[in-house]
Amino acid sequence: MASSSSSSAHHVRSASYPPKTNPMILKIEQQLKKLQELESSSTSPMQTISICLTGLAGLYKSVDQALNYLPHHNNAKNLAEQLVNGSLKLLEVCNASREVLSRLREAVGELR
1 MASSSSSSAH
11 HVRSASYPPK
21 TNPMILKIEQ
31 QLKKLQELES
41 SSTSPMQTIS
51 ICLTGLAGLY
61 KSVDQALNYL
71 PHHNNAKNLA
81 EQLVNGSLKL
91 LEVCNASREV
101 LSRLREAVGE
111 LR
């Protein structure tokens, strides 16, 4: 009986050890955090526009790099998991971009 549990072919992911995160995803998360922190900063409208546009450019470049990265050595299940996780990150990027663009619109309005 004891040997039947050790010969199980099921793969179980440990909850205490999260899956290894791609360095590109970590870079995107850091850039997202920086953009989100801009909402609480008190800078002039011109500084806000400059900082936001620079941040968005870097974010889009990182997202493009991450989308172009396809690990050829992973099996289909791992690739599917990465695609789902990437899609969720892309949704976060879109939301953060929308918020930053809204802030830019407000800053441009203040300049008028």
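For the record, in the sequence shown the residue sitting at position 58 is 58 according to UniProt numbering, with numbers rising by one throughout.
For each residue, glycine too, the CB sits at the ideal point set by N, CA and C.
If you reduce the DSSP assignment to three classes, tell me which class Thr54 lands in. For Thr54, the three-state secondary structure derived from DSSP is helix.
Simplified DSSP assignment, three categories, for Ser44: In this structure, Ser44 counts as coil in the three-state DSSP scheme.
Taking the alpha carbon of Leu35 as the reference point, which residue from Asn68, Val100, Asn22, Gly109 has its own alpha carbon closest? The candidate whose alpha carbon is nearest that of Leu35 is Val100.
For Ile51 and Tyr69, I'd like the C-alpha separation in whole angstroms. Ile51 and Tyr69: Cα-Cα distance of roughly 27 Å.
What whole-angstrom Cβ distance do Ala43 and Arg103 have, given they're in contact under 8 Å? Sequence check: residue 43 is Thr here, not Ala. At roughly 10 Å, the Cβ-Cβ gap does not stay under 8 Å, so Thr43 and Arg103 are not in contact.
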